[in-house]
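Chains A and B, in that order, give the protein sequences.
Under the UniProt record's numbering, the residue at position 549 of the first sequence is numbered 549, and the numbers go up by one with no gaps.
Under the UniProt record's numbering, the residue at position 174 of the second sequence is numbered 174, and the numbers go up by one with no gaps.
Everything on this sheet refers to the single structure shown next.
Number of protein chains: 2
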Amino acid sequence: MATPEIEAQLAPLRAAVKEYGDLIRDLKAKSAPKIDIDKAVVELKARKRLLEETEISLAPKEASFDRLKLEDLLKRRFFYDQSFAIYGGVTGLYDFGPMGCSLKANMLQEWRKHFILEEGMLEVDCTSLTPEPVLKASGHVDRFADWMVKDVKNGECFRADHLIKNSIEKLMNDKKVSADVKRDGEDVLARLEGFDDKDMHEVITRFKFKSPITGNDLTEPIAFNLMFPTQIGPTGDFKAFLRPETAQGIFVNFKRLLEFNQGKLPFAAAQIGLGFRNEISPRQGLIRVREFTMCEIEHFVDPEDKSFPKFSKIADQKLVLFPHVINWMEHQRRKSPSEMLLQTKMTIYIMFQKTVANETLGYYMARCHQFLMKVGIDGRRLRFRQHLSNEMAHYAQDCWDAEILTSYGWIECVGNADRACYDLLQHYKATNVKLVAEKKLPQPVDVDIVEAQANMALLGKSFKKEAKKIQSALQQMTSEQVTSLEADLLSKKLFNLNINGEAYPLTPDLINIKKYSKKIHVQEITPSVIEPSYGIGRIMYALLEHSFRQREGDEQRTFLAFKPLVAPIKCSVLPISANDQLVAGIEAVKEELSRYELSYKVDDSSGTIGRRYARTDEIGIPFGITVDFESVKTTPYTVTIRHAETMSQIRLEVSELGRLISDLVAGRQQWTDAQAKYPKFESTTD
Amino acid sequence: MATPEIEAQLAPLRAAVKEYGDLIRDLKAKSAPKIDIDKAVVELKARKRLLEETEISLAPKEASFDRLKLEDLLKRRFFYDQSFAIYGGVTGLYDFGPMGCSLKANMLQEWRKHFILEEGMLEVDCTSLTPEPVLKASGHVDRFADWMVKDVKNGECFRADHLIKNSIEKLMNDKKVSADVKRDGEDVLARLEGFDDKDMHEVITRFKFKSPITGNDLTEPIAFNLMFPTQIGPTGDFKAFLRPETAQGIFVNFKRLLEFNQGKLPFAAAQIGLGFRNEISPRQGLIRVREFTMCEIEHFVDPEDKSFPKFSKIADQKLVLFPHVINWMEHQRRKSPSEMLLQTKMTIYIMFQKTVANETLGYYMARCHQFLMKVGIDGRRLRFRQHLSNEMAHYAQDCWDAEILTSYGWIECVGNADRACYDLLQHYKATNVKLVAEKKLPQPVDVDIVEAQANMALLGKSFKKEAKKIQSALQQMTSEQVTSLEADLLSKKLFNLNINGEAYPLTPDLINIKKYSKKIHVQEITPSVIEPSYGIGRIMYALLEHSFRQREGDEQRTFLAFKPLVAPIKCSVLPISANDQLVAGIEAVKEELSRYELSYKVDDSSGTIGRRYARTDEIGIPFGITVDFESVKTTPYTVTIRHAETMSQIRLEVSELGRLISDLVAGRQQWTDAQAKYPKFESTTD
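Structure representation (structure tokens):
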């Protein structure tokens with residue numbers, strides 16, 4: 001089946017396997033030490049695995065993926081489509097139809113189970129409307145922006161980095177462009193993610209890039225904030241934004257959550273909800289949208305101990321890692337998907353404790369991998385890419401994106417970041433509300449306390465109503481501040497207390513300095529935060545691509561091979577004919593499925609059974625239940641179940657349906673188990 | 001237990017029962033005809049039921065409801081709390097903590113099952129961001145507003161109707177105010193819901209109402225639009241709003257949904273999602289918020305046939321109806337809750353087909369009642385109130401609010417409205433996209449068609465490139481328009497065709513008029529829409545009030561008696577002591593519960609078992625599983641289950657736990673069934 005191109009790619013891998021096969025034979029012939037032979041065997045196995053996986057990854061199934069066919073199916077069967085289409089549509093906004101809705105709901109339910117329930121997380125549900133000061137503190141008001149260039153004549157806006165990327169790619173395909181310029185362009189692409197406005201302006205000027213639509217000149221890059229602004233209340237002066245992420249809602253609730261967890265660290269909070277980003281000119285369907293569902297976890301942990309109690313449970317799990325040390329391969333990302341896949345496989349499996357910052361981050365990456373596998377992402381098209389240092393926020397300690405390979409290239413679908421204690425500190429600075437946990441010290445410590453106490457009788461005489469305010473300001477001084485106050489009182493006999501810009505001259509008689517020693521049992525710490533952040537729409541799109549199939553020998557017959565767990569509808573119910581005799585059988589099946597809360601779709605239209613199978617396969621219904629004349633001939637009634645992906649069928653009693661399909665959906669049984677247990681049914685109609 | 005006031009209210013009901021008891025004895029003594037005795041017995045039963053329900057409704061349980069205690073519990077155990085509290089908070093915005101989140105998720109899951117799955121609805125998930133033209137068409141841009149008055153000095157805003165209501169209520173409690181003025185105030189309250197700005201201004205002026213905070217004068221009422229405005233994209237000229245309801249997303253997708261349903265009527269689409277309303281000055285906690293989760297159904301139906309196929313399934317269900325014909329009792333709504341309850345009960349049970357507009361609306365009201373019962377609303381505090389004609393939108397044909405009685409009075413939680421074909425027509429007018437379904441005619445009809453066909457050869461010569469445009473304009477003309485065109489051509493030998501304001505003079509040679517008869521089999525109809533619309537936050541708040549209990553004899557010990565179906569956590573797992581011997585038992589229980597996906601909370605803290613029960617009762621955990629020394633003495637392990645509401649306990653094997661509790665949660669078994677099956681366990685520690 002392999003094409004010459006594929007063979008050319010496989011040849012060096014085959015040679016590499018052969019090389020080690022030969023070597024081992026040699027070693028054995030020479031009676032070499034066992035340790036040398038063992039080493040060679042390990043290497044041989046690794047090379048064989050690489051060859052095998054590359055063969056699978058290059059198989060024609062992916063190669064022949066036809067995005068237009070998938071998009072046609074998704075639109076026609078209303079998985080999702082552009083919002084407000086009858087009003088001309090809005091780019092970057094999509095509505096989910098019944099199929100997409102159910103797929104999404106099933107993915108979210110699994111996410112809730114996999115993370116919130118299994119890990120005992122604290123779920124919260126915060127508002128999208130967010131007052132400006134909160135997002136000022138988090139840095140979004142000042143920095144959550146993309147660089148934008150405008151057509152100087154008609155004002156049309158483009159995202160600067162996307163414009164550069166697209167313009168260079170066009171240049172690459174232009175035969176008239178010199179090799180030197182192409183090399184220059186390649187170099188720009190490799191470094192683009194770290195570019196600021198000046199770098200981009202330099203590139204646009206040097207390459208003489210214009211508006212791709214009008215050919216007009218472009219402005220210098222301008223920062224465009226990606227948050228949607230609004231106001232709360234009737235006065236118009238309470239500025240707010242729609243949240244760009246759900247995370248801040250968790251941070252501002254930190255105190256309540258810590259209290260809910262009885263003051264103990266570590267704990268994780270999670271939120272499933274909407275995020276909003278006013279993208280400059282979104283394209284690429286579900287991958288870049290202006291309103292989206294995200295699932296975020298904020299795991300709060302002692303910054304000095306990021307070990308994870310359950311780490312041993314995932315310690316042996318292998319992930320495809322793409323650490324920044326081998327990111328020199330990054331510039332090769334621009335090539336075709338199959339080449340990219342090959343490159344990634346070459347990054348070898350690395351046990352992540354050697355490269356990932358800490359156990360907690362590693363644990364969440366492994367759980368992320370498990371989740372994506374559960375919902376049906378193809379493991380051969382998944383990798384974890386570490387951020388380059390210039391990609392990460394300055395406060396972040398480490399960040400690994402789960403990237404999924406689609407026909408658009410590798411797409412960031414999940415971010416796994418160690419954000420240190422940045423967010424909690426920022427909100428503390430903005431509100432003066434301490435966002436800390438108490439950590440028990442290994443042993444009590446004596447600390448020296450210096451306090452300034454007001455002499456209220458005298459203070460009241462001098463400052464009247466303001467005395468209270470002065471007393472409170474004195475109480476809030478740190479030991480260091482009081483020490484400096486004491487020095488002033490001694491040397492100058494005067495201390496100027498500053499309260500909100502107002503100076504209050506205090507003389508020594510107004511203040512008593514008190515010094516004592518105190519035993520401290522706990523220490524206040526600002527927790528570090530590990531943040532896994534899931535973009536559900538992107539994962540769903542990748543899942544749709546990975547599940548899309550064409551029947552061999554009949555490429556027009558496309559279908560979606562969903563995992564039963566996430567399939568929008570679990571069963572189709574198909575009477576073999578419209579004969580009234582079958583009605584009792586159909587009703588019995590419906591009742592049995594309802595009892596187990598299994599969604600189904602009855603297709604009693606007049607098409608042939610084969611055509612009806614094709615129609616239900618198209619929307620990814622994994623199990624087709626057919627009621628035929630055999631079904632109702634004797635009691636108990638029997639039916640056949642057809643497994644859409646393999647088209648194989650078995651026959652069983654109606655009363656066994658609910659439990660079996662529930663088990664297949666939950667993954668407690670596989671289809672092969674069912675085939676082993678129940679008699680095969682041979683159909684001539686598929 | 002009854003107070004003298006309660007006895008006074010019950011006395012006439014007792015007398016009414018006694019009257020018929022006596023009557024029946026008399027009739028029997030006189031050997032009266034059986035039919036007379038039967039009639040009297042029916043009446044006696046009705047009177048007894050009324051007495052009984054009134055007794056229950058007036059029982060001290062509700063009377064002693066303490067909102068502050070409930071609010072304290074909800075805050076302390078983080079069901080929900082004000083958003084951004086560390087930033088000073090925002091009125092009308094609330095964050096849900098782990099308990100509230102889970103309660104809400106369980107309610108939504110049940111809603112999805114009860115409506116979307118059981119009724120085979122088409123679920124959609126549309127964006128919150130909505131372009132201005134969509135909401136202009138729906139009427140929201142022009143009319144979705146509340147009247148607001150401002151403090152003339154400091155600009156503070158008040159919702160005019162709320163200000164009037166609160167001011168009149170204050171007046172009512174003022175002993176210095178004359179009876180005449182009070183009567184006047186009472187009259188205003190009864191008519192307030194139908195007031196426009198002029199009516200409200202008149203009342204504010206007549207009663208001399210001032211700002212309740214400063215005592216300053218107030219402005220005339222100003223319309224304040226309740227939608228949150230924003231812009232989409234970088235140019236700033238694409239105006240949009242956050243949707244005030246999810247319904248419009250369904251209407252603009254009507255064509256896709258009809259197609260998904262293979263062109264057939266009736267069908268229902270549903271959406272669960274956020275709604276946003278910029279309330280002027282929200283108070284009353286979860287009842288009036290600025291961002292909320294709603295569940296809406298749009299049931300599309302032939303306007304000439306609103307019968308419902310499954311109507312017979314609910315035809316016997318009894319609802320408490322409050323039709324507008326007895327809305328003269330409306331003015332009595334202002335009295336105390338227990339009096340209100342009594343009034344409502346007196347509205348008698350009415351079989352709704354006599355008062356509700358059509359079967360479809362009636363069906364949804366009955367299903368609404370079922371849903372509210374399932375999640376745990378107290379049926380004695382639920383009524384369906386029909387809108388007065390001046391309350392309804394002008395296009396609406398009928399509207400019934402499901403109102404739930406809380407300590408804030410009767411609260412509208414669900415609207416059930418027949419919106420006729422208003423929305424689809426409005427979007428058709430705005431977009432020129434036909435939003436219609438085809439209805440098969442009982443028999444084919446012959447219609448006369450008149451068409452204007454362009455003579456393209458000549459038209460091309462005269463109009464060059466514009467010929468195509470003219471041809472297309474001619475094709476789109478209705479038969480009436482062509483007839484008038486023909487008349488012009490005959491009389492004036494000229495017809496001026498207008499395309500987007502441009503005139504194209506057409507002479508007879510350019511056009512052929514074609515007339516023929518056509519057999520029509522279908523008719524295009526704009527469907528009517530029945531819309532049930534659920535406010536989940538309001539239902540949740542009512543549910544919390546209705547589930548709130550105090551232990552008899554220990555009023556400090558409050559708890560939430562949730563139905564297991566919606567309880568945020570299904571089980572607590574409590575080791576009787578910290579002894580290591582119990583660990584294996586605990587682990588076995590956890591494993592068994594996980595296998596059945598039942599949420600649990602282990603409380604192995606050092607408190608007494610009684611104190612730990614109280615703590616888990618407080619957050620509404622319905623089942624407490626205790627592991628004691630007996631549990632692990634022999635295999636198979638056994639444990640006790642304690643039913644929080646009744647505090648009764650049973651003992652059973654660990655391996656039986658999962659199935660039993662799943663059944664109790666799903667309502668397949670009741671606690672009394674479990675008590676009958678398993679041995680009772682007597683605890684001395686509760």
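C-beta: ideal position from N, C-alpha, C; glycine also.
Everything numeric in this text was worked out from a predicted model, so none of it was measured.
Residue range of the unbroken alpha helix (DSSP H) whose run includes residue i
i        : result
A/Leu117 : Segment: none, A/Leu117 is in no alpha helix (DSSP H) and carries neither H nor E.
B/Met365 : 359 to 375
Which listed residue (the options) has its alpha carbon closest to that of residue i
i                      : options                                : result
B/Leu405               : B/Pro309, B/Ile539, B/Arg283           : B/Ile539
B/Cys413               : B/Asp673, B/Ser533, B/Tyr600, B/Arg49  : B/Ser533
residue 704 of chain B : B/Asn358, B/Leu510, B/Ile280           : Chain B is shown only over 1 to 686; residue 704 of chain B falls outside these bounds and no answer can be derived.
B/Ala644               : B/Ser605, B/Arg557, B/Ala402, B/Leu506 : B/Arg557
B/Gly624               : B/Pro575, B/Ala588, B/Asp580, B/Arg659 : B/Pro575
B/Ala268               : B/Met121, B/Asn579, B/Lys170, B/Leu660 : B/Met121
B/Ser389               : B/Lys374, B/Leu497, B/Ala417, B/Ile536 : B/Ala417
A/Lys519               : A/Asp488, A/Asp184, A/Ile449, A/Gly607 : A/Ile449
B/Gly97                : A/Ala137, A/Glu259, A/Ser167           : A/Glu259
A/Met294               : A/Gly415, A/Gly362, A/Lys239           : A/Gly415
Where residue i falls, given that 16 or more other Cβ within 10 Å makes a residue buried
i                      : result
A/Phe352               : With a pLDDT of 42 at A/Phe352, under the threshold of 50, the modelled position of this residue cannot be trusted; read the value that follows with caution. Per the 10 Å Cβ criterion, buried.
B/Tyr80                : buried
A/Leu342               : Confidence is the limiting factor: at A/Leu342 the pLDDT is only 38, short of 50, which leaves the residue's position unreliable, though a coordinate-based value still follows. Counting Cβ neighbours within 10 Å, A/Leu342 comes out buried, since at least 16 surround it.
B/Asp423               : buried
B/Thr634               : exposed
A/Ser491               : exposed
A/His521               : exposed
B/Asp36                : exposed
A/Trp328               : In this predicted model, A/Trp328 has a pLDDT of only 40, less than 50, meaning its place in the structure is not dependable; the value taken from the coordinates is given anyway. The residue in question, A/Trp328, is exposed, as its Cβ has fewer than 16 Cβ neighbours within 10 Å.
B/Val447               : exposed
residue 715 of chain A : Past the boundaries of the shown model lies residue 715 of chain A; chain A is included only from 1 to 686, so the question cannot be answered.
A/Asn253               : buried
B/Gln581               : exposed
B/Gln481               : exposed
A/Thr608               : exposed
Partners in chain C for residue i, counting only beta-carbon separations shorter than 9 Å
i        : result
B/Lys113 : The structure shown contains no chain C; the protein chains it does contain are A and B.
Span of the beta strand (DSSP E), counted from its first residue to its last, around residue i
i       : result
A/Asp72 : No beta strand (DSSP E) contains A/Asp72, which is instead part of the alpha helix (DSSP H) from 67 to 76.
Residue ranges of each alpha helix (DSSP H) within the segment 426 to 469 of chain A, 4 or longer: Taking only runs of at least 4 residues, the alpha helix (DSSP H) segments lying wholly in the segment 426 to 469 of chain A are 456 to 463.
Residues, ordered as in the chain, of the segment 287 to 307 of chain A that lie near chain B by beta-carbon distance below 7 Å: Cβ contacts with chain B: Arg290, Glu291.
Near-chain A residues of the segment 429 to 458 of chain B - C-beta to any C-beta below 7 Å: Within the segment 429 to 458 of chain B, the qualifying residues are Thr431, Val433.
Residues from the segment 139 to 156 of chain B in contact with chain A, defined by Cβ distance under 8 Å: Correct list: Met148, Gly155.
Near-chain A residues of the segment 83 to 106 of chain B - C-beta to any C-beta below 9 Å: Of all residues in the segment 83 to 106 of chain B, Ser83, Phe84, Ala85, Ile86, Tyr87, Gly88, Val90, Thr91, Gly92, Leu93, Tyr94, Asp95, Phe96, Gly97, Pro98, Met99, Gly100, Cys101, Ser102, Lys104, Ala105 have a Cβ within less than 9 Å of some Cβ in chain A.
Contact list for the segment 249 to 268 of chain A against chain B, Cβ threshold 9 Å: If the cut-off is 9 Å between Cβ atoms, the segment 249 to 268 of chain A has Gly249, Val252, Asn253, Phe254, Lys255, Arg256, Leu257, Glu259, Phe260, Gln262 near chain B.
Under 7 Å (Cβ pairs) to chain B, residues found in the segment 208 to 229 of chain A: Going along the segment 208 to 229 of chain A in chain order, one finds Phe224, Phe228, Pro229 with a Cβ nearer than 7 Å to chain B.
Contact residues within the segment 119 to 136 of chain A, judged by C-beta distance below 7 Å to chain B: Per Cβ criterion, the list reads Leu122, Glu123, Val124, Asp125, Cys126, Thr127, Ser128, Leu129, Pro131, Pro133, Val134.
Members of the segment 177 to 209 of chain B that neighbour chain A once the beta carbon cut-off is set at 7 Å: Going along the segment 177 to 209 of chain B in chain order, one finds no residue with a Cβ nearer than 7 Å to chain A.
Within the segment 171 to 225 of chain B, ranges of the beta strand (DSSP E) (whole runs, at least 3 residues): Within the segment 171 to 225 of chain B, the complete beta strand (DSSP E) segments of 3 residues or longer fall at 222 to 225, listed in chain order.
Alpha helix (DSSP H) runs contained entirely in the segment 459 to 537 of chain A, provided each spans 4 or more residues: You should have 467 to 475, 479 to 492.
Every unbroken beta strand (DSSP E) within the segment 282 to 306 of chain B, with a cutoff of 3 residues, ordered by chain: The segment 282 to 306 of chain B contains these whole beta strand (DSSP E) runs: 291 to 301.
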